[in-house]
Amino acid sequence: MITRGVSAKMDLQRVISMVRSYDVFNEDNDPYGEHDFGQIKLDGETLFWKIDYYDQQLSGWCDPLSPDCHRVLTVMLAEEY
Numbered sequence: 026m027i028t029r030g031v032s033a034k035m036d037l038q039r040v041i042s043m044v045r046s047y048d049v050f051n052e053d054n055d056p057y058g059e060h061d062f063g064q065i066k067l068d069g070e071t072l073f074w075k076i077d078y079y080d081q082q083l084s085g086w087c088d089p090l091s092p093d094c095h096r097v098l099t100v101m102l103a104e105e106y
C-alpha cells in the first residue's frame, strides 16, 4: 500500500526500487531480525516502510510464520506515520 503523500510527491518506481533493495538492517534498527521496517531518503523526503501481518480476513494480527498469514507492505512519508 502506498499512502496519498507518497503518491503525490514521489516517483513510485524509484520508491519501489529503493524499498526492494533496502538492506540496512542492524541490531539498532532491527533488534528482532524481522526485517519488517525501514527508512529511506528520497528527494529530500524521509519515507518509512513497514510490513504488517494479518489473518485470512485481514482483520487481526497473524503469526508471521503461519502459512495462512497475509503480509501487507505500507510505504509512507515520515510525516504520515
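When we follow my numbering, the leftmost residue of the sequence shown carries the number 26, and every step to the right adds one. Here a beta-carbon is modelled for each residue, glycine too, at the ideal position from N, C-alpha and C. Predicted model, so just to flag it, every value in this text is computed and none were measured.
Residue-level contact to chain D via CB, leucine 102, 8 Å cutoff:
In the displayed structure, chain D is absent; only one protein chain is listed.
Assigned secondary structure, glutamate 70 (DSSP; H/G/I helix, E/B strand, else coil):
strand
Given a cut-off of 8 Å, decide if tryptophan 74 and valine 100 are closer than it, judged by their beta-carbon atoms.
Their beta carbons are under 8 Å apart, which means valine 100 touches tryptophan 74 by this criterion.
CA-CA distance, proline 92 and tryptophan 86?
Distance between the alpha carbons of proline 92 and tryptophan 86 is about 13 Å.
For leucine 98, report the span of its beta strand (DSSP E) as first-last.
95 to 102
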